[in-house]
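A.B. asks: Residue numbering for the sequence shown is 0 to 80, as defined by numbering that gives the first Met the number 0. A virtual CB, placed ideally from N, CA and C, is assigned to each residue, including glycine. Small disclaimer: the values here were computed from a predicted structure and weren't measured. My questions all concern the structure below.
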Amino acid sequence: MARVVVDVMLKPEILDPQGQAVQRALPRLGFDGISDVRQGKRFELEVEGPVDDAALARIREMAETFLANTVIEDFNVKVES
Numbered sequence: 000m001a002r003v004v005v006d007v008m009l010k011p012e013i014l015d016p017q018g019q020a021v022q023r024a025l026p027r028l029g030f031d032g033i034s035d036v037r038q039g040k041r042f043e044l045e046v047e048g049p050v051d052d053a054a055l056a057r058i059r060e061m062a063e064t065f066l067a068n069t070v071i072e073d074f075n076v077k078v079e080s
């Protein structure tokens, strides 16, 4: 079995209130030097069989239609060894 990871993040031009809340809290917790935080989602998919071009195309289709809201989010698909 192979693992495919789909990372979903808000597009840079979209405000990230959750990330901003984390960024504001970090100095109060003693974590200085962080200028920006963006929060996203990570999906780890265990794929049966080989992860060939057809499987990756199907996973990209899944990400585009179900895992990410492509109006406000970008996604990245990668195979982990």
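#1: Does DSSP put Phe30 in a helix, in a strand, or in coil?
#2: List the endpoints of the continuous alpha helix (DSSP H) containing Leu55.
#3: If we count the other Cβ atoms within 10 Å of its Cβ and call it buried at 16 or more, is Phe74 buried or exposed?
#4: Where does the unbroken beta strand (DSSP E) through Gly39 begin, and where does it stop?
#5: Give a yes or no on whether the C-beta atoms belonging to Leu76 and Ala62 are separated by under 8 Å.
#6: Judging by CA-CA distance, which residue of Arg27, Ala24 and Glu47 is the nearest neighbour of Ala1?
C.D. replies: Quick answer:
#1: By one-based count along the sequence shown, residue 30 stands at place 31. DSSP places Phe30 in coil when its eight states are reduced to three.
#2: In the sequence shown, counting from the first residue as 1, residue 55 sits at position 56. That run of the alpha helix (DSSP H) goes Asp52 to Met61.
#3: If you number the sequence shown from 1, residue 74 lands on position 75. With 16 or more Cβ atoms within 10 Å of its Cβ, Phe74 is classed as buried.
#4: Working through the sequence shown from its first residue, we reach residue 39 at position 40. In this chain, the beta strand (DSSP E) harbouring Gly39 covers Gly39 to Val46.
#5: Counting from 1 along the sequence shown, the entry for residue 76 is found at position 77. Counting from 1 along the sequence shown, the entry for residue 62 is found at position 63. The residue you asked about is not Leu; residue 76 is Val in the sequence shown. Cβ atoms of Val76 and Ala62: closer than 8 Å.
#6: By 1-based counting over the sequence shown, the position of residue 1 is 2. Looking at Arg27, Ala24 and Glu47, the one whose alpha-carbon comes closest to that of Ala1 is Glu47.
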